[in-house]
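S.K.: The sequence shown runs contiguously to residue 420 in the working numbering. Beta carbons are placed, not taken as given, at the ideal position from N, Cα and C, and that holds for glycine.
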Amino acid sequence: MKQFGHLLLIMVVLFSCNTEKKEKKTIVPEITKAKKKPPVIKEFGYILDDFNVVKDTIEPGDSFGEILDTHGISRAKVFQITNAIKDTFNVARIQAGKPYMLLKTKDTTQKAQVFVYQNNKIEYTVIDFRDSIIAKKRKKPIKLVEKTASGTINSSLMQTFDDMDLNFLVAYNMADIYAWTIDFTRLQAGDRFKVVYTEKFIDDTIPAGVDKIKASYFEHRGKPIYAFRFMNDSIHKVFDYFDDQANNLRRAFLTAPVKFSRISSRYNLKRRIKYYGNKVRPHRGTDFAAPIGTPILATSDGIVTKSERKGGNGKYVKIRHNATYDTQYLHMSRQAVKVGQFVKQGDVIGYIGMTGNTGGPHVCYRFWKNGKEVDPFREDLPASKPLADSLRPAFYKHIEPLKVELDNIIFKPKEIL
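Dropping the structure here:
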């Protein structure tokens, strides 16, 4: 009986110990990671998740009304929208190839509420017709990134940029800067350049074009020419390009009325033409060959005195620049200006064609001085005024770091073809 009592006591003690151990056991609750919320996608000022989004491109023949009609907007509503936004957005001018976006309700009606038209990579127009009808022109935020480039010419500036996979818009801008001092139709292999410029980016990664060239260096036929962008008129916010001696690179006349063309025939009063039995037929102009449709530029400011079609000249434009100079541009496919219109240097006045007496697409550029046709390439044409003395200290301070930056850029060697 005593043994049974001892055994019972031992079992009670063991049971109590096990119970204490179980009671002391800590249960750790399972921790579940909170799910991350999906990122909010916002575009053109709208949270896209709040709508059913339709993205498409304007097709040839599409109209604003047809697009909205396809998405359930009545003709009466389209007319109301078109009339309400006419001062902000001309719906007749939407262009094929431009992207657009429609925001529609997420319910069963799928009702269109917002139309976004992308004018270009940066600019867009929002037409919101949810409650009242509102049209706004907006711009995407852009980031400017400074870049540098250098190269050695093999054949042409454009070809060199293409070979080096550089932004061709930089080449165009450089051609504008040096248009008065360098004939880009006569570049030599071995000419070379350096440039500091800013490029525009959307969302840090999408290229949106060149902003401006801050400074450049072009070595043509062994002669170095610096160019620095500087504001020479603070009242009207006018910028121009000056060399390292503060001389304005701009002249009163461009050296050519067409960018990146070639001279196919020069001013020659003793030219013999095979078509006319090798008889002397004076050529009182300079022919610039380029593809049909290439823009023709006014080489200086002036008033259009003629814009017509006449005989061997074909379609042409003539410009009076001042009491001394006139210019004429022949064989256009079409003119882009009217008589009496004021044009600025570099404005498009027409397009390359083959009208009149011509064997190929080109513009015949004629130049008058005091009523007499002359060869502009043999004339000492007037230069623009140099930078004012009062602005020179600020100019030299401005260009000092830019010149150091240019000088430290290493030329990329000319490729061996």
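#1: When you compare only the Cα positions, how much space is there between Ala230 and Gly193?
#2: Output needed for Pro144: all residues of its chain with C-beta closer than 8 Å, excluding positions within five of it in sequence on either side, in chain order.
#3: With DSSP run on the structure shown, which of helix, strand or coil describes Gln331?
#4: So Met177 is in the beta strand (DSSP E); what residue range does that whole segment cover?
#5: DSSP on Asn55, reduced to helix/strand/coil?
#6: Taking Ala326 as the reference, which of Gly305, Lys313 and Phe345 has the closest Cα?
#7: So for Asp410, helix, strand or coil by DSSP?
#8: Applying the 10 Å Cβ sphere with the 16-neighbour rule, what's the burial state of Asn360?
#9: Determine, using beta carbons only, whether Asp134 comes closer than 7 Å to chain C.
#10: Which residues does DSSP pair with Gln338 in a beta bridge?
#11: CB-CB under 6 Å to His223, same chain, minus the five flanking residues each way: which ones, in chain order?
#12: Nearest-angstrom Cα distance between Ala391 and Asn235?
#13: Along the beta strand (DSSP E) that carries Asn235, what are the first and last residues, could you check?
#14: Compare the Cα-Cα distances from Tyr49 to each of Asn93, Lys107, Asp90 and Asp246 and report the closest residue.
#15: Return the CA-CA distance between Tyr328 and Lys375, expressed in angstroms with no decimal places.
#16: Which same chain residues end up closer than 7 Å to Ile61 when comparing Cβ atoms and leaving out the 5 residues on each side of it in sequence?
#17: Three or more beta-carbon pairs under 8 Å between the region 380–397 and the region 345–365, yes or no?
#18: Let me know the secondary structure DSSP gives Arg269 once reduced to three states.
#19: Let me know the secondary structure DSSP gives Asp393 once reduced to three states.
#20: Which residues mark the beginning and the end of the beta strand (DSSP E) in which Gln162 is found?
#21: Kindly identify the DSSP beta-bridge partner or partners of Gly317.
#22: Is the beta carbon of Ala79 closer than 7 Å to that of Ile136?
#23: In this structure, does DSSP put Lys142 in helix, strand or coil?
#24: Assess contact between the region 41–60 and the region 109–121, defined as three or more Cβ pairs (one per stretch) separated by less than 8 Å. Is contact present?
#25: Starting from Thr297, trace the alpha helix (DSSP H) in both directions and tell me its first and last residue.
#26: Tell me Ile216's beta-bridge partners as DSSP assigns them.
#27: Would DSSP call Pro379 helix, strand or coil?
#28: Under the rule that 16 or more other beta-carbon atoms within 10 Å means buried, what is Phe221, buried or exposed?
#29: Are Lys203 and Ala211 close, meaning C-beta to C-beta below 7 Å?
#30: Could you give the distance in angstroms between the alpha-carbon of Lys197 and the alpha-carbon of Gly154?
#31: Asn251 bridges to which residues according to DSSP?
#32: Evaluate Ala95 with the Cβ neighbour count: other Cβ atoms within 10 Å of its Cβ, from every protein chain shown; 16 or more gives buried, anything less gives exposed.
#33: Could you tell me the distance, in whole angstroms, from the CA atom of Leu340 to the CA atom of Val307?
#34: List the DSSP bridge partners of Gly154.
#35: In the DSSP assignment, find the unbroken beta strand (DSSP E) run with Thr128 in it and report its ends.
#36: Assess contact between the region 312–323 and the region 331–339, defined as three or more Cβ pairs (one per stretch) separated by less than 8 Å. Is contact present?
M.R.: Straight from the coordinates:
#1: The alpha-carbon separation between Ala230 and Gly193 amounts to approximately 20 Å.
#2: Non-local beta-carbon contacts of Pro144 in its own chain, meaning distances under 8 Å to residues more than five positions away in sequence, involve Ile205 in chain order.
#3: Three-state result, Gln331: strand.
#4: Segment Phe171 to Ile180 is the alpha helix (DSSP H) holding Met177; no beta strand (DSSP E) there.
#5: Residue state, collapsed to three classes: strand.
#6: The shortest C-alpha separation from Ala326 is found at Gly305.
#7: Asp410 falls in the helix class under three-state DSSP.
#8: So Asn360 ends up on the exposed side.
#9: Looking at the structure shown, chain C is missing, and only one protein chain is on hand.
#10: Bridge partners of Gln338 according to DSSP: Gly353.
#11: Within its own chain, the residues whose Cβ lies closer than 6 Å to the Cβ of His223, once the five positions on either side in sequence are excluded, are Ile185 and Asp194, listed in chain order.
#12: CA-to-CA, the gap between Ala391 and Asn235 works out to about 8 Å.
#13: Where Asn235 is concerned, the enclosing beta strand (DSSP E) stretches over Lys226 to Asp236.
#14: Distance from the Cα of Tyr49 is smallest, within the candidate group Asn93, Lys107, Asp90 and Asp246, for Lys107.
#15: Spanning the two alpha carbons is a distance of roughly 9 Å.
#16: Cβ neighbours of Ile61 beyond the five flanking positions: Ile97, Gln98, Ala99, Gly100, Lys101 and Tyr103.
#17: Look at the beta carbons and you see the region 380–397 not touching the region 345–365: under three pairs across the two are nearer than 8 Å.
#18: Three-state result, Arg269: coil.
#19: The amino acid at residue 393 is misidentified as Asp; the sequence shows Ser. Ser393: helix per DSSP, three-state reduction.
#20: Per DSSP, Gln162 lies in no beta strand (DSSP E) segment; the continuous alpha helix (DSSP H) that holds it begins and ends at Leu160 to Asp166.
#21: Paired residue(s): Lys313.
#22: With contacts defined as CB atoms closer than 7 Å, Ile136 and Ala79 fail to qualify as a contacting pair.
#23: Three-state result, Lys142: strand.
#24: Yes, the region 41–60 is in contact with the region 109–121.
#25: No alpha helix (DSSP H) holds Thr297; DSSP gives it neither H nor E.
#26: Its beta-bridge partners are Tyr200.
#27: Per DSSP, reduced to three states, the secondary structure at Pro379 is helical.
#28: Buried, by the Cβ-count rule.
#29: Contact check for Lys203 against Ala211 passes: the beta carbons are separated by less than 7 Å.
#30: Cα to Cα, Lys197 sits roughly 7 Å from Gly154.
#31: Partner residues in the beta bridge of Asn251, as assigned by DSSP, are Phe245.
#32: Counting every other CB atom within 10 Å of its CB across the protein chains shown gives Ala95 a total below 16, marking it as exposed.
#33: Looking at the sequence provided, one finds Val at residue 340 rather than Leu. Computed Cα separation, rounded: 7 Å.
#34: The partner list for Gly154 (beta bridge, DSSP) reads Phe196.
#35: Glu126 to Asp131 is the extent of the beta strand (DSSP E) around Thr128.
#36: With the cut-off at 8 Å, the region 312–323 and the region 331–339 touch.
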